[in-house]
Amino acid sequence: MNTTSIKVEGMTCGHCKSAVEGALGKLSGVGKAEVDLSANEVSVEYEEDKVTVEEMNEAIEDQGYDVVK
Ligand SMILES: [Cu+2]
1 MNTTSIKVEG
11 MTCGHCKSAV
21 EGALGKLSGV
31 GKAEVDLSAN
41 EVSVEYEEDK
51 VTVEEMNEAI
61 EDQGYDVVK
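Using the UniProt record's numbering, read the sequence shown as starting at 1 and increasing by one per residue.
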């Protein structure tokens with residue numbers, strides 16, 4: 001299991017938090033996703049042979065948030 005932190009702009013409330021966590025959680029290979037609203041960041045545990053950071057970024061952007069790259 002790998003861990004990474006993804007910087008995300010536009011998350012403001014509990015709805016945003018659950019939208020991002022939910023979208024990541026649907027990807028196979030993602031173990032745990034946790035948004036820190038005050039840090040504008042989501043920390044993710046994932047298996048790198050099953051899912052890429054790029055796929056996780058796309059899942060976040062599909063929810064309408066901007067990933068800071
Ligand atoms: Cu919100």
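Glycine included, each C-beta is placed from N, C-alpha and C at the ideal position. Since the structure is predicted, the reported quantities are computational estimates derived from the model, not experimental observations.
- At least one heavy atom of ligand 1 lies closer than 7 Å to the C-beta of THR12.
- Residue state for VAL20 is assigned as helix, using DSSP reduced to three classes.
- Cα atoms of ASP49 and ALA39: separation of roughly 28 Å, rounded to the nearest angstrom.
- Inside the UniProt domain "HMA" (2 to 68), DSSP marks whole alpha helix (DSSP H) runs of 4 or more residues at positions 14 to 25 and 53 to 62, from first to last along the chain.
- Restricting attention to LEU24, SER43, ALA33 and ASP36, the CA atom closest to the CA of GLU58 is found in LEU24.
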